[in-house]
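*Asks:* In the UniProt record's numbering, the protein residues as written are 1 to 228.
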């Protein structure tokens, strides 16, 4: 069945909600920066090197683009679907790693991260992104192997982080420090485990999109051919 030329009202509601979430995430990042500047603790090269910060800034872009597509079109593009599920997997893994490994660690001497931005970036934004993916109409059904694209950015980030850490001695997360208590083998275990979880999140996201698309009679259910 041919899709309608104008987006359904539900797509336009989603567009507004995505715009609102993008503004909240951007406000949380801005508040953190302002707070660190106020306490003379802002080092841009370190702050913007955090995986969470980079992934949340990507979320802002994806939410903005996704809001535009939802307002103007009936379906997302293939490229946007791949980018969106990838960024979703980064947000979810940031949430999981923070709450499992980092939440109870002592603050850096002389500075404590402000609470509400931390909760937005590490808890509420990831949860809302998952709900957006699960409930929003207009996703494309892609081949599941397209989930492998989600590993591209984390691998690049990891290579940069490890090289930089070896040169400067600064590590954004303690479990990446090969000189820590777990040694290089501990780093390898964490990295491989996190990479597998990122891929699994993207895989499950595309699987859900495929299932949901097939359940909608108004959307063509044949998956688009996107190779990994």
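Positions of the beta carbon are idealized from the N, C-alpha and C atoms, including for glycine.
Cutting at 8 angstroms between CB atoms, please list the residues of its own chain near residue 175, excluding the five before and the five after it.
*Replies:* Taken in chain order, the residues that qualify are 101, 182, 186, 187 and 190.
*Asks:* Using a Cβ-Cβ cutoff of less than 7 angstroms, which residues in the same chain neighbour residue 62 once the five nearest sequence positions on both sides are dropped?
*Replies:* Correct list, in chain order: 83, 84 and 87.
*Asks:* What does the alpha-carbon distance come out to for the pair residue 77 and residue 146?
*Replies:* Cα-Cα distance, rounded: 14 angstroms.
*Asks:* Run through the stretch 166-222 for me and flag every whole alpha helix (DSSP H) of 4 or more residues, listed as ranges in chain order.
*Replies:* Segments of the alpha helix (DSSP H) lying fully in the stretch 166-222: 183-215.
*Asks:* Which of helix, strand or coil does DSSP assign to residue 142?
*Replies:* Reduced to three states, the DSSP call for residue 142 is strand.
*Asks:* Is residue 107 helix, strand or coil by DSSP?
*Replies:* Residue 107 falls in the coil class under three-state DSSP.
*Asks:* Measuring straight from C-alpha to C-alpha, what distance separates residue 49 and residue 206?
*Replies:* Taking the straight line from one Cα to the other gives about 28 angstroms.
*Asks:* Return the chain-ordered list of same chain residues with a C-beta closer than 6 angstroms to the C-beta of residue 90, the five sequence neighbours on each side being excluded.
*Replies:* These residues qualify, in order along the chain: 55.
*Asks:* Tell me which residues share the same chain as residue 33 and place their Cβ nearer than 8 angstroms to its Cβ, disregarding the 5 neighbours each side in the sequence.
*Replies:* Around residue 33: 42 and 47.
*Asks:* Using beta-carbon positions only, say whether residue 198 and residue 93 come within less than 8 angstroms of one another.
*Replies:* Yes, they are a contact pair.
*Asks:* For residue 125 and residue 167, what's the separation of their Cα atoms in angstroms?
*Replies:* Approximately 33 angstroms, taken between the alpha carbons.
*Asks:* Looking only at its chain, what residues have a beta carbon closer than 6 angstroms to the beta carbon of residue 69, apart from the 5 residues adjacent to it on each side?
*Replies:* So the list reads 76, once near-sequence residues are dropped.
*Asks:* Looking only at its own chain, which residues have a Cβ that is under 7 angstroms from the Cβ of residue 17, when we skip the five neighbours before and after it?
*Replies:* Correct list: empty, nothing qualifies.
*Asks:* Compare the beta carbon distance of residue 157 and residue 80 with 8 angstroms and say whether it is the shorter of the two.
*Replies:* Cβ atoms of residue 157 and residue 80: not closer than 8 angstroms.
*Asks:* Taking DSSP as the reference, what is the three-state secondary structure of residue 73?
*Replies:* Three-state result, residue 73: coil.
*Asks:* Considering only residues of the same chain and omitting the five flanking positions on each side of residue 71, which have a CB-CB separation below 6 angstroms?
*Replies:* Cβ within range, chain order: 12 and 15.
*Asks:* Kindly give me the distance between the Cβ atoms of residue 22 and residue 60, rounded to whole angstroms, as I take these residues to be in contact under 8 angstroms.
*Replies:* That belief holds up - the Cβ atoms of residue 22 and residue 60 are roughly 5 angstroms apart, short of 8 angstroms.
*Asks:* Please list, in chain order, all residues of the same chain as residue 138 whose beta carbon is under 7 angstroms from its beta carbon, the five residues on each side excluded.
*Replies:* Closer than 7 angstroms at the Cβ level, and outside the excluded window around residue 138, lie 11, 70, 74, 75 and 76.
*Asks:* Pop quiz: residue 25 and residue 120 are said to be a contact at Cβ under 8 angstroms. What is the actual Cβ separation, rounded to whole angstroms?
*Replies:* With 8 angstroms as the limit, residue 25 and residue 120 qualify as a contact, their Cβ atoms being about 7 angstroms apart.
*Asks:* By Cβ distance, which residues of its chain are closer than 7 angstroms to residue 220, with the 5 residues on each side in sequence left out?
*Replies:* For residue 220, the predicted structure reports a pLDDT of 43, less than 50, and the residue's modelled location is therefore unreliable. A value from the coordinates is still provided. Excluding positions up to five away in sequence, the list is empty.
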